[in-house]
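With my numbering, the residue at position 38 of the sequence shown is 113, and numbering never jumps.
Below you'll find the structure, written out as C-alpha cells, and then a few comments.
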Amino acid sequence: MAEALAAPAPVGRTLSPGELVTTMAHFHRAEILRMTGWRDRLDRTSN
C-alpha cells in the first residue's frame, strides 16, 4: 500500500506583513523595469 507523503518542512522563516509588502513591491518594480526594457528594445528595432 502507498504511504501518505508528509508535507515538506518549511525553509527559512515566515515574513512579517511589512516584509511581505516590501518584497512584493520590489518584485513588482523589477517586473515593470523588465517590461520597459523589452518595450524600449522593440521600439528601437521597429519602424
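Backbone N, C-alpha and C fix where the C-beta goes; we use that ideal spot for every residue, glycine too.
Note that the coordinates shown come from a computational prediction; the quantities given were computed from them, not determined experimentally.
Which residue marks the beginning of the alpha helix (DSSP H) containing residue i, and which one marks its end?
i: Arg109; result: 92 to 120
Given residue i, which residues of its chain have a CB within under 6 Å of its CB, disregarding the five upstream and five downstream residues?
i: Val96; result: none
Whole angstroms is fine: what's the gap from residue i's alpha carbon to residue j's?
i: Val86; j: Thr120; result: 44 Å
i: His101; j: Asp115; result: 21 Å
i: Gly112; j: Arg104; result: 12 Å
i: Phe109; j: Arg88; result: Strictly speaking, residue 109 in this sequence is Arg, with Phe absent from that position. Cα to Cα, the separation comes out at about 28 Å.
i: Glu94; j: Pro83; result: 23 Å
Using a Cβ-Cβ cutoff of less than 7 Å, which residues in the same chain neighbour residue i once the five nearest sequence positions on both sides are dropped?
i: Leu90; result: Thr98
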